[in-house]
Amino acid sequence: MALSVAVLGSILAEFYRGSLSPALSHLPAAARGAASSSITATQAVAQQLGSAGRSILVPANDAFVHAMHATTLVAALMALAGALVVVRWMPGRAGQAAPAAHEAEPIAPAQERDYEAELAIMESDMLKAAEREV
6 MALSVAVLGS ILAEFYRGSL SPALSHLPAA ARGAASSSIT ATQAVAQQLG
56 SAGRSILVPA NDAFVHAMHA TTLVAALMAL AGALVVVRWM PGRAGQAAPA
106 AHEAEPIAPA QERDYEAELA IMESDMLKAA EREV
């Protein structure tokens with residue numbers, strides 16, 4: 006699970022950087038590097054640049070949405086592949102007959118009487134404990 010989250014995070018970051026790079030070309034190298042790391046970093050750089058930074062907010066939001074769409078598509082494809090693997094190789098499919106050794110055996114009358122006697126003893130003990138608490 007953690008591996009798939011890391012892979013999807015990497016895909017998101019790469020698509021974000023790729024989509025945002027043209028909009029950051031006019032920024033100084035230090036600001037460009039900081040702004041391309043995440044949407045939050047881009048917003049922080051835009052705020053530090055003041056009115057000049059406002060021009061990167063719309064492309065940053067568009068790049069983030071594009072990256073989320075791509076990442077969601079990859080996640081859906083990974084989930085579909087996982088479902089296909091489970092359907093194909095999961096044991097106990099409906100088409101297979103279960104072996105007779107795994108069938109439940111009926112409870113014998115003697116075992117049922119033992120169960121009822123044990124249940125009566127447990128009930129009696131619980132009532133005694135409740136009376137002591139009162």
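Read in my numbering, the sequence shown has 14 at position 9, and its numbers run on one by one without any break. We put the CB at the ideal spot given by N, CA and C, even for glycine.
*When DSSP labels each residue in this structure, what does Leu132 get in the three-state scheme?*
The residue labelled residue 132 in the question sits at position 127 within the sequence shown. In the three-state reduction of the DSSP assignment, Leu132 falls in the helix class, which pools H, G and I.
_In whole angstroms, give me the CA-to-CA distance for Gly87 and Gly23._
Indexing the sequence shown from 1 puts residue 87 at position 82. Indexing the sequence shown from 1 puts residue 23 at position 18. Each residue's Cα considered, the two are about 28 angstroms apart.
*Would DSSP call Leu124 helix, strand or coil?*
As a working note, residue 124 is residue 119 in the sequence shown. Residue state, collapsed to three classes: helix.
_Check whether the region 15-31 and the region 49-69 are in contact - that is, three or more C-beta pairs closer than 8 angstroms._
In short, these stretches touch, since the Cβ pair count reaches three.
*Hey, how far is the Cα of Ala134 from the Cα of Ala122?*
Mapped onto the sequence shown, residue 134 falls at position 129. Mapped onto the sequence shown, residue 122 falls at position 117. Across the structure, Ala134 and Ala122 are spaced so that their CA atoms are roughly 19 angstroms apart.
*CA-CA distance, Ala35 and Gly14?*
Taking the sequence shown and counting its residues from 1, one reaches residue 35 at position 30. Taking the sequence shown and counting its residues from 1, one reaches residue 14 at position 9. In this model, Ala35 and Gly14 are separated by some 23 angstroms (Cα to Cα).
*Cβ shell of Gly58 (< 6 angstroms), same chain only, five flanking positions each side left out*: What you label residue 58 is simply residue 53 of the sequence shown in a count that begins at 1. Contacts found: Ala51.
*Roughly how far, in whole angstroms, is the beta-carbon of Thr45 from the beta-carbon of Ile61, given that I think they are within contact range, below 8 angstroms?*
Looking up residue 45 in the sequence shown gives position 40. Looking up residue 61 in the sequence shown gives position 56. 13 angstroms between Cβ atoms; not a contact.
*With 16 other Cβ atoms within 10 Å as the buried cut-off, status of Pro41*: Looking up residue 41 in the sequence shown gives position 36. It is worth fixing the name first, because residue 41 is Ser in this sequence and not Pro. By the neighbour-count criterion, in which a residue is buried when 16 or more other Cβ atoms sit within 10 angstroms of its Cβ, Ser41 is buried.
*Using the beta-carbon count (16 or more within 10 Å), is Leu29 buried or exposed?*
Residue mapping note: residue 29 aligns to position 24 of the sequence shown, counting from 1. Taking all protein chains shown into account, Leu29 has 16 or more neighbouring C-beta atoms within 10 Å of its C-beta and is therefore buried.
_Can you tell me whether Thr76 is buried or exposed? The criterion is at least 16 other CB atoms within 10 Å of its CB, across all chains shown._
What you label residue 76 is simply residue 71 of the sequence shown in a count that begins at 1. Thr76 should be labelled buried.
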